[in-house]
Amino acid sequence: DKAGYKHFMAKEIAEQPAVITQTLQAYLDGDRIRLPEPGIDFASLDRLTLVACGTAHYACLTAKYWFEQLAALPVDIDVASEFRYREPPIPARTAAIFVSQSGETADTLAALRYAQGKAEMIGAVVNVAESTIARESDIVLPIHAGAEIGVASTKAFTCQLTVLLLLALKAAQDRGHLSDSDMAEKLGLVRSLPGILNQALAIEEPASDISRRLSEARDILFLGRGIMYPLALEGALKLKEISYIHAEAYASGELKHGPIALIDEHVPVIVMAPRDNLFDKTISNMQEVMARGGRILLISDQAGIEQAGSGVWSALPMPTVDPLLTPILYALPAQLLAYHTAVHKGTDVDQPRNLAKSVTVE
Ligand code: F6R
Numbered sequence: 119d120k121a122g123y124k125h126f127m128a129k130e131i132a133e134q135p136a137v138i139t140q141t142l143q144a145y146l147d148g149d150r151i152r153l154p155e156p157g158i159d160f161a162s163l164d165r166l167t168l169v170a171c172g173t174a175h176y177a178c179l180t181a182k183y184w185f186e187q188l189a190a191l192p193v194d195i196d197v198a199s200e201f202r203y204r205e206p207p208i209p210a211r212t213a214a215i216f217v218s219q220s221g222e223t224a225d226t227l228a229a230l231r232y233a234q235g236k237a238e239m240i241g242a243v244v245n246v247a248e249s250t251i252a253r254e255s256d257i258v259l260p261i262h263a264g265a266e267i268g269v270a271s272t273k274a275f276t277c278q279l280t281v282l283l284l285l286a287l288k289a290a291q292d293r294g295h296l297s298d299s300d301m302a303e304k305l306g307l308v309r310s311l312p313g314i315l316n317q318a319l320a321i322e323e324p325a326s327d328i329s330r331r332l333s334e335a336r337d338i339l340f341l342g343r344g345i346m347y348p349l350a351l352e353g354a355l356k357l358k359e360i361s362y363i364h365a366e367a368y369a370s371g372e373l374k375h376g377p378i379a380l381i382d383e384h385v386p387v388i389v390m391a392p393r394d395n396l397f398d399k400t401i402s403n404m405q406e407v408m409a410r411g412g413r414i415l416l417i418s419d420q421a422g423i424e425q426a427g428s429g430v431w432s433a434l435p436m437p438t439v440d441p442l443l444t445p446i447l448y449a450l451p452a453q454l455l456a457y458h459t460a461v462h463k464g465t466d467v468d469q470p471r472n473l474a475k476s477v478t479v480e
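Take a look at the structure:
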């Protein structure tokens with residue numbers, strides 16, 4: 119049931135404030151983070167390995183920044199199809215966490231089976247709590263996104279991010295990097311997420327206008343730095359999946375190592391630049407693109423857009439938030455731009471060609 123929306127994807131994008139509220143309810147207990155039994159004692163771990171495919175892999179890549187920055191816990195990341203055949207050594211005191219909306223992805227399941235008996239503990243961050251990946255794990259961490267029907271993952275991604283952020287905060291506390299009062303402050307921020315996401319959904323109209331122009335492009339680049347890099351990857355994946363426009367993402371600092379050769383007036387460049395500690399660096403990369411005739415779509419908050427100055431092709435203003443929340447917030451413009459570009463192109467948004475919701479063969 120699309121509940122009045124034109125596509126499941128539109129419904130699932132709009133549902134995000136509500137489903138994240140559910141996710142938070144399941145994991146928050148006052149000023150504490152409560153994990154399902156048997157819990158995870160992050161103080162006893164030296165390393166995490168996060169493995170997944172596609173969008174879930176980008177959730178892992180985002181979470182790596184959180185675990186490393188908040189909890190000083192080193193994280194290895196891999197796509198499941200590489201991990202399973204590379205057969206990497208898994209050092210002692212490593213927990214392996216597998217992230218999968220469906221819980222049935224063949225490569226992710228095979229990667230999990232490889233880690234069994236080698237990792238200290240196996241965790242599953244899944245939407246389907248009765249799935250095979252959940253059943254074969256030591257701890258099941260449900261994301262509570264509700265059924266996701268659109269083939270392109272949207273609400274599952276932001277709910278995965280929410281659970282992974284809470285795990286990183288729990289890890290920070292277990293490992294002595296977060297006092298009780300700092301934890302209370304961070305959880306206050308986390309609790310503000312649904313309201314902020316609601317506010318951000320107001321960019322739908324400008325996002326649709328910009329998408330009409332994006333729909334004429336043959337190639338589109340996404341740039342992001344730091345924790346925005348995985349969001350740029352997710353934006354490019356979403357766009358190519360449903361609009362069939364060729365899109366690629368780069369860490370902004372990599373631009374001058376090759377991809378800048380692609381820039382001309384025909385290539386829109388979408389820059390994800392919240393006002394964090396890397397803002398100035400990203401903006402200077404943006405200016406390098408502009409100097410070569412590239413058309414910039416800047417996604418930042420109002421103050422960031424003003425600070426970046428004139429000359430951008432277009433800008434999409436986001437609410438101002440603490441850097442802790444930007445990855446989850448900036449998933450929305452990534453989704454909305456992909457969605458509206460696909461709608462303008464008239465593609466089958468919920469059932470893109472060649473793709474299946476659950477990839478149960480390798
Ligand atoms: C992208 C998308 C896919 C899935 C991937 C993993 O929009 O939906 O990239 O994220 O196939 O699927 P799960 O999470 O079910 O393992």
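Heads up, the sequence shown is in our numbering, so the first residue is 119 and it goes up one at a time. The beta-carbon is built from N, C-alpha and C at its ideal position, and this holds for glycine as well.
query: Let's test the definition: count the other Cβ atoms within 10 Å of the Cβ of K374 and tell me whether it reaches 16, buried, or not, exposed.; result: exposed
query: What are the partner residues of A369, as DSSP defines its beta bridges?; result: G342
query: I'd like to confirm something about Q219: is its beta-carbon nearer than 7 Å to some heavy atom of the ligand F6R, or not?; result: yes
query: Measure the alpha-carbon distance for L188 versus G464 and round it to whole angstroms.; result: 43 Å
query: Which one or two residues does DSSP pair with G241 in a beta bridge?; result: I215, I257
query: By DSSP, does D292 sit in helix, in strand, or in coil?; result: helix
query: Kindly identify the DSSP beta-bridge partner or partners of H364.; result: D337
query: Could you pull out every unbroken beta strand (DSSP E) segment of at least 3 residues lying fully inside the region 363-450, listed in chain order?; result: 364-369, 386-390, 413-419, 432-436
query: For F508 versus A286, is the C-beta spacing smaller than 8 Å?; result: This structure gives no information on residue 508, because the portion of the chain shown stretches from 119 to 480.
query: For A128, does the count of other Cβ atoms within 10 angstroms reach 16, so buried, or fall short, so exposed?; result: buried
query: Do the region 222-238 and the region 194-207 meet, that is, are 3 or more Cβ pairs less than 8 Å apart?; result: yes
query: Please report how far the alpha carbon of R330 lies from the alpha carbon of D419, in whole angstroms.; result: 22 Å
query: Indicate, with yes or no, if the ligand F6R has a heavy atom lying under 7 Å from the CB of E254.; result: no
query: Based on Cα-Cα distance, which residue from G294, T438, Q469 lies nearest to Q317?; result: T438
query: What's the C-alpha gap between I158 and G264?; result: 24 Å
query: Rounding to the nearest angstrom, what Cα-Cα distance links P470 and A132 in this structure?; result: 20 Å
query: Whose C-alpha, out of S255, A391, S271, is nearest the C-alpha of S476?; result: S271
query: I'd like the list of long-range same chain contacts for H295, defined as Cβ closer than 7 Å, with 5 residues on each side in sequence excluded.; result: L188, A189, A190
query: Hey, would you say A426 sits closer than 8 Å to I401, going by beta carbons?; result: yes
query: Looking at T444 and the ligand F6R, is the gap between the Cβ and the nearest heavy atom below 7 Å?; result: no
query: Specify whether the region 348-358 and the region 169-184 touch according to this definition: at least 3 beta carbon pairs, one from each stretch, less than 8 Å apart.; result: yes
query: In the DSSP assignment, what are the bridge partners of L168?; result: I195, I215
query: May I ask which residues mark the beginning and end of the alpha helix (DSSP H) holding K129?; result: 126-132
query: Tell me which residue opens and which closes the alpha helix (DSSP H) that R309 is part of.; result: 298-309
query: Taking only the alpha-carbon atoms, compute the straight-line gap between Y232 and G344 and give it to the nearest angstrom.; result: 30 Å
query: Determine the closest residue to I360 out of V197, L142, G268, Y123, with distance taken between C-alpha atoms.; result: G268
query: CA-CA distance, G235 and L307?; result: 38 Å
query: Examine the Cβ distances between the region 380-390 and the region 334-344 and report whether three or more of them are shorter than 8 Å.; result: yes
query: Buried or exposed for G313, please, with buried defined as at least 16 other CB atoms from any protein chain shown within 10 angstroms of its CB.; result: exposed
query: Residues in the same chain with beta-carbon distance under 6 Å from Q140, minus the five sequence neighbours each way, listed in chain order, please.; result: H262
query: Whole angstroms is fine: what's the gap from I241's alpha carbon to E383's?; result: Residue identity check: residue 241 is Gly in the sequence provided, not Ile. Computed Cα separation, rounded: 46 Å.
query: Counting contacts by CB-CB distance shorter than 8 Å, is V385 in contact with chain B?; result: Protein chain content of the structure displayed is limited to a single chain, and chain B is not contained in it.
query: Using beta-carbon positions only, say whether D164 and P209 come within less than 8 Å of one another.; result: yes
query: Starting from Y232, trace the alpha helix (DSSP H) both ways and give me its first and last residue.; result: 224-233
query: Any heavy atom of the ligand SAH within a distance shorter than 7 Å of the CB on L380?; result: Because the ligand SAH does not appear in the structure shown, any question about it cannot be addressed here, the ligands present being the ligand F6R.
query: What separation, rounded to the nearest whole angstrom, lies between the Cα atoms of Y362 and D292?; result: 44 Å
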